[in-house]
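Data block below; observations after.
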Amino acid sequence: MPILSVFFGIIVRMWHDDHPPPHIHVEYQGFEAFVEIRTGEILAGRLPKKAAGIVKEWCFKHQSELMENWEHAQRFEPLERIPGADQDD
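In this note's numbering, the protein residues as written are 1 to 89.
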């Protein structure tokens with residue numbers, strides 16, 4: 001599964017041809033969650049509260065890039081890396 005971003009120990013991935021709604025797979029210190037791109041909400045799994053908040057804010061800041069990657073993934077096209085929250089202003 002391609003890695004889109006890594007920040008503060010959080011790994012963000014996306015599967016090719018994954019099921020809707022558009023989402024990312026997030027791993028952090030043994031926790032795993034599916035996070036909806038449009039809302040930043042956890043659909044399944046768990047993340048610590050602070051990590052969940054960082055991921056949610058990051059989703060909002062990078063929503064267009066995430067949705068572009070989602071569209072590419074549905075067509076089995078290469079995905080683009082996205083700067084992490086540690087690089088956001």
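For each residue, glycine too, the CB sits at the ideal point set by N, CA and C.
Please read these numbers as outputs of a predicted model, since none were measured by experiment.
With fewer than 16 neighbouring CB atoms inside 10 Å of its own CB, Met1 falls in the exposed class. Taking the CA atoms as reference points, Pro78 sits about 9 Å from His16. Membership of Phe76 in any alpha helix (DSSP H) is not indicated, and neither H nor E is assigned to it by DSSP.
Around the beta carbon of Gly40, 16 or more other beta carbons lie within 10 angstroms, which makes this residue buried. In this chain, the beta strand (DSSP E) harbouring Ala44 covers 42–45. Collapsing the DSSP output to three states places Ile82 in coil. With 16 or more neighbouring CB atoms inside 10 Å of its own CB, Ser5 falls in the buried class.
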